[in-house]
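Under the working numbering, residues 5 to 126 are what the sequence shown spells out, in order.
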Amino acid sequence: MKVISFLILFIFCFSMNSVTYADSNNMSEQQIIAQMGGIIKQLDLGNSPWPEFNIKANPIIVTFANQHNYAYFFTPKNPSWVKISDQPTTFYLNSDEYHIDQLGWSFGNVVDDQTALIFNLD
Numbered sequence: 005m006k007v008i009s010f011l012i013l014f015i016f017c018f019s020m021n022s023v024t025y026a027d028s029n030n031m032s033e034q035q036i037i038a039q040m041g042g043i044i045k046q047l048d049l050g051n052s053p054w055p056e057f058n059i060k061a062n063p064i065i066v067t068f069a070n071q072h073n074y075a076y077f078f079t080p081k082n083p084s085w086v087k088i089s090d091q092p093t094t095f096y097l098n099s100d101e102y103h104i105d106q107l108g109w110s111f112g113n114v115v116d117d118q119t120a121l122i123f124n125l126d
């Protein structure tokens, strides 16, 4: 089940990466994160084509080349993470304190004692 969930999440993130990358020249970082938040919210509300898929199973961390990190379904221990007020399960970190920005795509890295899916949108 974990392998299937990971594969589905990987496909979701790959799709999201393709969509945002195509529009990244026209969209700000905040717009991209807001768009991702909307898609993640819809999946969380059960609007997923995969009935067994649980988007909340692991945190999703999105990184940018400017060392900005955004985490969904994450409970930070590090006080440097800032909660984004209009997205209840999203946090922002303005530096790469975990050395994850260069990973590209990664699953299994531990951030604040949580195994996360990490991908870069730049």
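Each residue gets a CB set at the ideal place from its N, CA and C atoms; glycine is no exception.
This structure is a prediction, so every number in the text was calculated from the model and none was measured.
Listed in chain order, the non-local C-beta contacts of LYS81 below 6 Å within the same chain comprise ASP116, local neighbours out to five positions each way being set aside.
If you draw a straight line from the Cα of GLN71 to the Cα of ASP100, it comes to about 5 Å. Within the DSSP secondary-structure output, TYR74 pairs in a beta bridge with VAL66, TYR96. Out of THR94, PHE68, PHE95, THR79, the CA that lies nearest to the CA of GLN118 is found in THR79.
Distance from the CA atom of PHE123 to the CA atom of ALA38, rounded to whole angstroms, is 16 Å.
Contact check for ASN62 against ALA120 passes: the beta carbons are separated by less than 7 Å. Taking the CA atoms as reference points, LYS87 sits about 29 Å from GLU56.
Distance check between ASN73 and each of ILE104, GLY112, PHE111 places ILE104 closest, using alpha-carbon atoms only.
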